[in-house]
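Residue numbers (my numbering): 5 to 90. Quick reminder that beta carbons are idealized off the backbone N, C-alpha and C, glycines included. These numbers come from a predicted model, not from an experiment. One structure is given here, and the rest of the page talks about it.
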């Protein structure tokens, strides 16, 4: 079985309009879990930034890809709020 990277999972979910559950770590060391709609990646000097709509906060959010340590692709689909850029 082939290993699928976190980035590849996010891209696959975005292309198929599947919600994802992500687990990430903040600068202060706290862990968060969110259900989100994946939209795009942006390359910045600080690394790759993941742009998504957070169902928990009901708002747009961005995270550095390196801070995400787990992604689960969910069965539930979402209706795009803007163009999915994967």
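Would you call residue i buried or exposed, if buried means 16 or more other Cβ atoms sit within 10 Å of its Cβ?
i, result
"residue 75", "buried"
"residue 67", "buried"
Could you give the C-beta distance for residue i and residue j, rounded to a whole number, given that I count them as a contact under 8 Å?
i, j, result
"residue 39", "residue 77", "The Cβ separation is near 11 Å, so there is no contact."
"residue 90", "residue 15", "5 Å"
Go through its chain and collect everything with a Cβ distance to residue i's Cβ below 7 Å, but skip five positions before and after it.
i, result
"residue 56", "40, 41, 42, 43 and 65"
Can you name, in chain order, every residue of its own chain whose Cβ lies under 6 Å from the Cβ of residue i, other than the five neighbours on each side?
i, result
"residue 71", "28 and 29"
"residue 51", "68 and 70"
"residue 17", "24, 42 and 77"
"residue 80", "23"
"residue 21", "81 and 82"
Using only the alpha-carbon positions, how far apart do residue i and residue j sit?
i, j, result
"residue 33", "residue 69", "16 Å"
"residue 36", "residue 59", "13 Å"
"residue 26", "residue 73", "8 Å"
"residue 48", "residue 11", "16 Å"
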